[in-house]
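If you read the sequence shown in the numbering used here, its first letter stands for residue 165, the second for the next number, and so on.
Here a beta-carbon is modelled for each residue, glycine too, at the ideal position from N, C-alpha and C.
Note that the structure is a prediction, hence the values are computed from the model and not measured.
Here the structure comes first, spelled out in structure tokens, and everything after it is commentary.
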Amino acid sequence: MRTSIWLVRAGQSRANAERRFHGQADSPLTALGSAQSAQVAVQLRRQRIDAIYCAPQCATLQSAQFLAPLCPAAHVSSDDWADQGLGVLTGLTRAAAYRDWPQSMADRLRDPLHAVAPGGEALATVAERIVAAWQQLVTRHRGQRVVVVTQAIPIQILLCALVGTPLLQHWSWRIDNGSSTCVDLYGTTPIIRCVNATTTLARADIEATQRRIDQDVSN
């Protein structure tokens, strides 16, 4: 029995476009981000999706809406799949973060696993949360096809856990906005089918992509 799980990174948000620390910011999708999310829906339109989960932030919720027509059940918003909480660093540019919170930035370099900015979350804690959410998901949806819409760090964490590489190497996995990473499970054995699958989009593709989704859904 095969379980297939697609880990989808949300499309580009305003914070991404402005190169700000994203974390759990409620930053909406840009026009490009909407097109990226719509294209993911096109890529998955032939799949029979049984469930969609998403992090509860603006960009992930908006991205999940593009996938909603592919699944008969309403998508489930869950804090378990949220990005790392960055606390006071959320929404800041890197320059502003070094200016306003130099000690927090130094701590991130010194101990990236356990450093916590005020109001934030340690990477090690995020990893525990994400791996627990994954295990629960796999148990609940055995034999089904599931989509999870989140951000890069949760996907990178899971890839490290699945292949047994140290968490500190999570940055070695490139996970772009609007990408999909697919993991098949046979029993409890994971097979990584693809990582960071993307489609290059021009702005002219936005309306055409949405028309394709609407046509597929109506058929």
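Have a look at residue i and residue j and give me their C-alpha separation to the nearest angstrom.
i	j	result
T224	D214	18 Å
G197	L301	26 Å
W170	V327	16 Å
T194	R178	6 Å
T314	V252	21 Å
Q333	A325	11 Å
A181	R293	27 Å
R166	T303	12 Å
A361	H186	22 Å
R184	D244	23 Å
A261	T363	32 Å
V310	V280	32 Å
V240	R263	38 Å
S343	G175	8 Å
S191	C222	6 Å
Q267	G255	17 Å
Q200	N341	7 Å
H305	G283	33 Å
S242	A270	31 Å
A219	R258	24 Å
Is it buried or exposed for residue i, if we count other Cβ within 10 angstroms and need 16 for buried?
i	result
C358	exposed
V172	buried
S168	buried
W335	exposed
G350	The sequence given here has Tyr at residue 350, not Gly. Y350 is exposed by the Cβ-count criterion.
Q226	buried
A366	Confidence at A366 is low in this model, with a pLDDT of 48, below 50, so the placement of that residue is unreliable and no value is reported for it.
T353	exposed
A238	exposed
T329	exposed
Starting from residue i and walking both ways along the alpha helix (DSSP H), at which residues does that stretch end?
i	result
N180	R178 to A181
S198	A195 to Q207
The beta strand (DSSP E) that contains residue i, what's its start and end?
i	result
P354	T353 to A361
A215	A215 to C218
R212	Per DSSP, R212 belongs to no beta strand (DSSP E) and is neither H nor E.
R173	R166 to R173
>> Any contact between the stretch 285-301 and the stretch 199-210? By contact I mean 3 or more CB pairs, one from each, below 8 Å.
In response: no
>> What ranges does the alpha helix (DSSP H) occupy inside the stretch 227-291, keeping only unbroken runs of at least 4 residues that lie completely in it?
In response: 258-264 and 266-274
> Does the stretch 305-322 come within contact of the stretch 260-276, defined as at least 3 CB pairs closer than 8 Å?
Replying inline: no
> Which full runs of the alpha helix (DSSP H) of 4+ residues lie inside the stretch 291-359, going along the chain?
Replying inline: 316-327
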